[in-house]
Amino acid sequence: MPSYIGVGADAWIKGYLLLKGNDVIIRNLNIAKIPGIRNRFGDSTDGKLGNWNSEFDGLAV
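The opening position of the sequence shown corresponds to residue 1 in UniProt numbering, with each subsequent residue numbered one higher.
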C-alpha cells in the first residue's frame with residue numbers, strides 16, 4: 001500500500017521529514033524552511049567540530 005504525502009490544498013512540510021519506504025506518492029506539497037533553523041550540516045569528513053558547509057535540498061528522492 002502506498003504512502004501519501006501532501007494531497008490537500010493546505011498540505012505543508014515546515015521544517016523536515018525523514019521517510020524511508022517504498023511506493024511513496026507526493027502530490028500538491030508545499031515545502032518551507034523554518035526561520036531560525038540552520039540548514040547547514042557538517043560533513044562526516046569535516047572532523048570532530050565539523051565545518052557546517054553542507055546544505056540539504058528541500059526534497060531529495
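Using N, Cα and C, we set each Cβ at its ideal position, and we do this for glycine too.
What you are looking at is a predicted structure, and each value in this text was computed from that prediction instead of being measured.
Spanning the alpha carbons of ALA9 and LYS48 requires a straight line of approximately 43 Å. Leaving aside the five residues that flank ILE26 on each side, the residues in its chain whose CB is nearer than 7 Å to its CB run, in chain order, ILE5, GLY6. Between ASN28 and TRP12, the gap from beta carbon to beta carbon reaches 8 Å or more.
Taken through DSSP and simplified to helix, strand or coil, ASN30 comes out as strand.
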